[in-house]
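All remarks here apply to the structure that follows.
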């Protein structure tokens with residue numbers, strides 16, 4: 017039986033909202049960078065920078081709250097690797113899809129009809145692919161175009177599952193037992209510390225090993 021204790025947690029609610037909001041921003045600005053404005057078609061570099069810097073900024077801004085997955089395939093990989101519970105994965109994916117659709121809808125509402133086109137409904141024209149099912153799902157819902165849409169779910173989800181299995185069981189196997197993995201999946205056992213607690217420990221570690229701290233400690237010892 018899946019435990020529902022996470023639903024009563026403020027941190028869980030905040031994490032789910034962050035996944036929604038971050039995916040909304042990612043899709044809105046990412047798809048916006050690929051719009052074909054008259055006289056100013058987007059370049060490959062422009063689209064790449066928009067998506068790359070966008071995801072990097074969002075992870076840096078929201079990673080300490082939810083992990084900033086912003087991608088159902090990433091969430092699936094975390095669940096397969098016993099990093100999050102099944103319940104959290106379901107809520108994350110739901111929030112990501114809702115956020116992506118909201119972002120695409122906002123972009124469509126703000127963009128002239130002759131410019132918006134199909135919002136790069138499947139793969140961005142310049143790359144020919146989409147490794148984020150939410151990014152593909154959003155414009156498909158908004159425009160009603162689902163041509164070969166299943167490909168953009170099957171590929172990323174299968175790849176994420178395979179990558180997670182290879183990483184957690186072959187490259188860097190951890191000591192979790194099968195019962196522990198099942199307990200994490202059911203929400204009976206927390207896989208790791210809270211995101212904010214991990215971020216606080218990381219900051220303390222950085223401060224502890226900073227040159228200023230080391231020099232001050234050395235001066236104290238001399239005194």
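Numbering (the working numbering), first residue to last: 17 to 239. Glycine included, every Cβ here is placed at the ideal spot set by N, Cα and C. Being a predicted model, the structure only gives us computed values, none of them experimental.
Below 8 Å between beta carbons: does that hold for residue i and residue j?
{"i": "residue 177", "j": "residue 93", "result": "yes"}
{"i": "residue 65", "j": "residue 38", "result": "no"}
{"i": "residue 71", "j": "residue 42", "result": "yes"}
{"i": "residue 241", "j": "residue 100", "result": "The structure shown does not extend to residue 241, since the chain is modelled only from 17 through 239, so no value can be given for it."}
{"i": "residue 113", "j": "residue 150", "result": "yes"}
{"i": "residue 117", "j": "residue 91", "result": "no"}
{"i": "residue 61", "j": "residue 127", "result": "no"}
{"i": "residue 4", "j": "residue 63", "result": "Outside the modelled stretch of the chain, which goes from 17 to 239, sits residue 4, for which no answer is possible."}
{"i": "residue 22", "j": "residue 203", "result": "yes"}
{"i": "residue 162", "j": "residue 146", "result": "no"}
Starting from residue i, trace the alpha helix (DSSP H) in both directions and tell me its first and last residue.
{"i": "residue 186", "result": "First-last for residue 186: undefined, no H or E at that position."}
{"i": "residue 204", "result": "Here residue 204 belongs to no alpha helix (DSSP H), and DSSP marks it neither H nor E."}
{"i": "residue 88", "result": "88-96"}
{"i": "residue 127", "result": "Counting along the chain, residue 127 falls outside any alpha helix (DSSP H), and DSSP gives it neither H nor E."}
{"i": "residue 58", "result": "No alpha helix (DSSP H) holds residue 58; DSSP gives it neither H nor E."}
{"i": "residue 151", "result": "149-159"}
Under a three-way DSSP split, which group does residue i fall into?
{"i": "residue 53", "result": "strand"}
{"i": "residue 80", "result": "helix"}
{"i": "residue 122", "result": "helix"}
{"i": "residue 164", "result": "coil"}
{"i": "residue 193", "result": "coil"}
{"i": "residue 198", "result": "helix"}
{"i": "residue 99", "result": "coil"}
{"i": "residue 146", "result": "coil"}
{"i": "residue 180", "result": "helix"}
{"i": "residue 24", "result": "helix"}
{"i": "residue 30", "result": "helix"}
Compute the Euclidean distance between the alpha carbons of residue i and residue j, then round it to the nearest angstrom.
{"i": "residue 201", "j": "residue 47", "result": "34 Å"}
{"i": "residue 82", "j": "residue 89", "result": "15 Å"}
{"i": "residue 87", "j": "residue 185", "result": "22 Å"}
{"i": "residue 199", "j": "residue 188", "result": "21 Å"}
{"i": "residue 111", "j": "residue 33", "result": "7 Å"}
{"i": "residue 27", "j": "residue 119", "result": "24 Å"}
{"i": "residue 84", "j": "residue 30", "result": "12 Å"}
{"i": "residue 241", "j": "residue 80", "result": "What is shown of the chain runs 17 to 239, which leaves residue 241 out entirely."}
{"i": "residue 157", "j": "residue 195", "result": "39 Å"}
{"i": "residue 25", "j": "residue 104", "result": "11 Å"}
{"i": "residue 20", "j": "residue 197", "result": "17 Å"}
{"i": "residue 40", "j": "residue 107", "result": "15 Å"}
{"i": "residue 49", "j": "residue 170", "result": "25 Å"}
{"i": "residue 67", "j": "residue 45", "result": "8 Å"}
{"i": "residue 129", "j": "residue 179", "result": "40 Å"}
{"i": "residue 294", "j": "residue 123", "result": "Residue 294 lies beyond the stretch modelled for the chain, which goes from 17 to 239, so this question has no answer here."}
{"i": "residue 11", "j": "residue 183", "result": "Because residue 11 is not part of the residues shown, which for the chain are 17 to 239, the question remains open."}
{"i": "residue 139", "j": "residue 166", "result": "Low confidence applies here, because residue 139 scores a pLDDT of 46, under 50, leaving its location unreliable and the question unanswered by this model."}
{"i": "residue 54", "j": "residue 174", "result": "38 Å"}
{"i": "residue 77", "j": "residue 69", "result": "12 Å"}
{"i": "residue 191", "j": "residue 205", "result": "15 Å"}
{"i": "residue 125", "j": "residue 115", "result": "15 Å"}
{"i": "residue 152", "j": "residue 57", "result": "21 Å"}
{"i": "residue 148", "j": "residue 155", "result": "12 Å"}
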